[in-house]
Amino acid sequence: MPKTSKVVETATRLTVRKTYKLYIGGKFPRSESGRTFVADGDNVALASRKDARDAVLAARAAQPKWAGATAYNRGQVLYRVAEMLEARRAEFTALGVPADEVDAAVDRWVWYAGWSDKIAQVAGGANPVAGPFFNISAPEPTGVVAVVAPASLLGLVSVIAPAIVTGNTTVVLTAGPQVAITLAEVLATSDVPGGVVNLLTGRYAETAPWLASHDDVNALDLTGVDHPDLAAELERAAAGTLKRVIRPRTSPDFTADPGLRPMTALLETKTVWHPKGY
Amino acid sequence: MTVTVSAGLSDLRSFLHGLPGVDKVGVEARAAALATRSIKTSAKAHAIDLAIRMVDLTTLEGADTPGKVRALCAKARRPDPADSSCPPVAAICVYPAMVPVAAAALAGSGVHLASVATAFPSGQAPLEVKLADTRDAVAAGADEIDMVISRGAFLAGEYSRVFDEIVAVKEACGGAHLKVILETGELGTYDNVRRASWLAMLAGADFIKTSTGKVAVNATLPITLVMLEAVRDFRERHGRVIGVKPAGGIKTTKDAVKYLVLINETVGDDWLTPDRFRFGASSLLNDLLMQRTKLTTGHYAGPDYFTLD
Numbered sequence: 004m005p006k007t008s009k010v011v012e013t014a015t016r017l018t019v020r021k022t023y024k025l026y027i028g029g030k031f032p033r034s035e036s037g038r039t040f041v042a043d044g045d046n047v048a049l050a051s052r053k054d055a056r057d058a059v060l061a062a063r064a065a066q067p068k069w070a071g072a073t074a075y076n077r078g079q080v081l082y083r084v085a086e087m088l089e090a091r092r093a094e095f096t097a098l099g100v101p102a103d104e105v106d107a108a109v110d111r112w113v114w115y116a117g118w119s120d121k122i123a124q125v126a127g128g129a130n131p132v133a134g135p136f137f138n139i140s141a142p143e144p145t146g147v148v149a150v151v152a153p154a155s156l157l158g159l160v161s162v163i164a165p166a167i168v169t170g171n172t173t174v175v176l177t178a179g180p181q182v183a184i185t186l187a188e189v190l191a192t193s194d195v196p197g198g199v200v201n202l203l204t205g206r207y208a209e210t211a212p213w214l215a216s217h218d219d220v221n222a223l224d225l226t227g228v229d230h231p232d233l234a235a236e237l238e239r240a241a242a243g244t245l246k247r248v249i250r251p252r253t254s255p256d257f258t259a260d261p262g263l264r265p266m267t268a269l270l271e272t273k274t275v276w277h278p279k280g281y
Numbered sequence: 495m496t497v498t499v500s501a502g503l504s505d506l507r508s509f510l511h512g513l514p515g516v517d518k519v520g521v522e523a524r525a526a527a528l529a530t531r532s533i534k535t536s537a538k539a540h541a542i543d544l545a546i547r548m549v550d551l552t553t554l555e556g557a558d559t560p561g562k563v564r565a566l567c568a569k570a571r572r573p574d575p576a577d578s579s580c581p582p583v584a585a586i587c588v589y590p591a592m593v594p595v596a597a598a599a600l601a602g603s604g605v606h607l608a609s610v611a612t613a614f615p616s617g618q619a620p621l622e623v624k625l626a627d628t629r630d631a632v633a634a635g636a637d638e639i640d641m642v643i644s645r646g647a648f649l650a651g652e653y654s655r656v657f658d659e660i661v662a663v664k665e666a667c668g669g670a671h672l673k674v675i676l677e678t679g680e681l682g683t684y685d686n687v688r689r690a691s692w693l694a695m696l697a698g699a700d701f702i703k704t705s706t707g708k709v710a711v712n713a714t715l716p717i718t719l720v721m722l723e724a725v726r727d728f729r730e731r732h733g734r735v736i737g738v739k740p741a742g743g744i745k746t747t748k749d750a751v752k753y754l755v756l757i758n759e760t761v762g763d764d765w766l767t768p769d770r771f772r773f774g775a776s777s778l779l780n781d782l783l784m785q786r787t788k789l790t791t792g793h794y795a796g797p798d799y800f801t802l803d
């Protein structure tokens, strides 16, 4: 049977306007405050402190299972994210992300995915000790990491991937809402469990202090903070609960080889003394 | 109409079945509407402290040890060791075997000691066993007894048997307060909840309690609303004040505040006191403490900073 497709007149169609919502616990809710703001002509949810609180709850709930998955499994899940990123490259270029940056972001993601079952060999090991013990150091995830992320896609990938590859879960504040939420759609359609990455769009200065002082957040990555006073304030708030803090760098170059530091900065070393039995 | 303790089966039955039916859609809609109230700032701080004072901190596990019960008693006396302005909870609720341990740990604190009794949680045991259970718990130092009704008998329509059991247990309690657990999750309908509430109140209950916490459906807002209405109507008719205790499944401060709103709107603020309303809960307390800490320190609290037991 010949295919007879009836052309729908464009004038009769309603335009489907997109509202960029938050990404919390694997879902795309609006802000509980009901607020939005306009960024580059798009409606974007404006996250409140309660959205940040909800995101921490989601991240905390997801953390044990994500950390408990085998390193190999986490690597496979992250590789799947790279597949989805690749498939959606046109969406990112349509948002104005240069094609070579999308390439770099996919490459960066694959690079980190590969580290999932290798980082323990580099960051951990068997230690020589003067006694009848096996002495083993194993890196473990820090827990829930709050991230103030850079706006670019490559910057975003460069802070999220190293945090989650080792079993941390994240609450990410983003400045580039369209790119970030499109990345959230990539994550939602890959196999990353809900709550492992939570993305909040809005104003850093409003939500970041609540995450910095939150008792149930274990580490704070300030890579995307561009205001030194805010960075200092957040660092002071984080000190109240002895969080690990990654300080902002001046004009970071995300195309450079990141090295292992982004991953090891969010790991805790557990050392076990096991008697040899003689 | 008055029903006395000597009421015959037919009197009690015709009274209970003469109670007006509960409008299921109406009661659920009203409970849902009241649950949307927003309680903020100083009112929230007040609600949190009141809710803490209303908690019956409960541990009813086969794995309970004297050590766990002592730890829980210490928490009951001083829920937030870092903040002396935090009030103690209303009571500890344990199995009868743990009553002596808890009594020693709570001595002089003003925290009440409740014990479940009467073959908790099923209630499926001979009356003599239930009464012995009750007397033992009271003798060991419990000043509140949480009894379960025989749902089997109630559902079979043997109202006078349930009635007589409650009367007998009340007598065995002596000076101890009697809370009667209706196990609403097993009663099936709101009409049955209303009937069971009246039955328990007529038989001499000091408190009516929703659930054991051991079945699939525990305390819900609409069920508590039906029970609060029964308590309100009972006071109007008989002049005696009965308390209400929802138990099981209340885990967050938000949930607890919804119940407080429900009380205020149904029976009035006379019932906003630990003498007349209790929460049967264990994990609720930590959430209340976290919210309280948030209000006093200005930043969000985490579960790592509070004891599990």
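Chains as they are written, first to last, in my numbering: chain A, 4 to 281; chain B, 495 to 803.
Every residue, glycine too, gets a C-beta built ideally from N, C-alpha and C.
In this text the structure is predicted, and so the values were computed from the model without any measurement.
- In this structure, the straight-line span from the alpha carbon of T226 of chain A to that of N712 of chain B is close to 47 Å.
- Boundaries of the alpha helix (DSSP H) around S161 of chain A: 156-168.
- A straight-line Cα-Cα distance of about 13 Å links A149 of chain A and A164 of chain A.
- With distances taken between CA atoms, A152 of chain A lies nearest to A:P180 out of A:P180, A:S140, A:G134, A:G127.
- Contacts with chain B (Cβ-Cβ distance below 7 Å) from the stretch 217-237 of chain A involve H217, D218, D219, listed in chain order.
- Taking 9 Å as the cut-off, the Cβ atoms of T185 of chain A and F40 of chain A do not count as close.
- Identification of chain B residues near R247 of chain A by a Cβ-Cβ cut-off of 9 Å yields none; the smallest Cβ-Cβ distance measures about 15 Å.
- Short of 6 Å from the beta carbon of L754 of chain B, and not among the five residues preceding or following it, lie these beta carbons of its own chain, in chain order: A541.
- In this structure, the straight-line span from the alpha carbon of D577 of chain B to that of S51 of chain A is close to 29 Å.
- Between R770 of chain B and V738 of chain B, the C-beta gap is smaller than 9 Å, which places the two residues in contact.
- By a beta-carbon distance limit of 8 Å, F773 of chain B does not contact D543 of chain B. Their separation comes to about 13 Å.
- A48 of chain A and A599 of chain B have their C-alpha atoms some 52 Å from each other.
- Under the 9 Å criterion on CB atoms, V59 of chain A is classed as interfacial with respect to chain B.
- Beta-bridge partners of T177 of chain A (DSSP): A:T204.
- Secondary structure at R250 of chain A: coil, using DSSP grouped into helix, strand and coil.
- Using a C-beta cut-off of 8 Å, the stretch 557-576 of chain B makes no contact with the stretch 624-634 of chain B, since fewer than three inter-stretch Cβ pairs fall below that distance.
- F657 of chain B sits buried, since 16 or more C-beta atoms from the chains shown fall within 10 Å of its C-beta.
- For K739 of chain B, the three-state secondary structure derived from DSSP is strand.
- Measuring C-alpha to C-alpha distances from T714 of chain B to each of B:D700, B:T678, B:D798 identifies B:T678 as the nearest.
- Residue pairing by DSSP places A42 of chain A opposite A:D45 in a beta bridge.
- The alpha-carbon separation between I546 of chain B and A750 of chain B amounts to approximately 10 Å.
- Under the three-state reduction of DSSP, D630 of chain B is assigned to helix.
- The continuous alpha helix (DSSP H) containing D781 of chain B extends over residues 777-791.
- Exposed is the label assigned to R531 of chain B, since fewer than 16 other Cβ atoms lie within 10 Å of its Cβ.
- Using a C-beta cut-off of 8 Å, the stretch 196-216 of chain A makes no contact with the stretch 95-114 of chain A, since fewer than three inter-stretch Cβ pairs fall below that distance.
- The continuous alpha helix (DSSP H) containing C667 of chain B extends over residues 653-667.
- With a contact defined as Cβ atoms closer than 8 Å, L156 of chain A and E104 of chain A qualify at about 6 Å.
- Distances from the CA of E555 of chain B to each of B:A608, B:L766, B:V588, B:L783 were compared; the closest alpha carbon is that of B:V588.
- The CB of D550 of chain B never comes closer than 8 Å to any CB in chain A; the least such distance is about 26 Å.
- Judged by pairs of C-beta atoms under 8 Å, the stretch 669-684 of chain B touches the stretch 629-643 of chain B, as three or more such pairs exist.
- Inclusion of F701 of chain B and I757 of chain B in the CB contact set at 9 Å is not warranted, their separation being larger than that value.
- Of all residues in the stretch 36-61 of chain A, those with a C-beta nearer than 9 Å to a C-beta of chain B are R52, A55, R56, V59, reading in chain order.
- Non-local C-beta neighbours of V593 of chain B in its own chain, meaning closer than 6 Å and more than five positions away in sequence, comprise S609, A631, A634, G635, A636, ordered along the chain.
- Here DSSP, grouped into helix, strand and coil, assigns M548 of chain B to coil.
- Y23 of chain A is bridged by DSSP to A:V47.
- Interface residue (Cβ-Cβ distance to chain A less than 9 Å): D803 of chain B is not classified as such.
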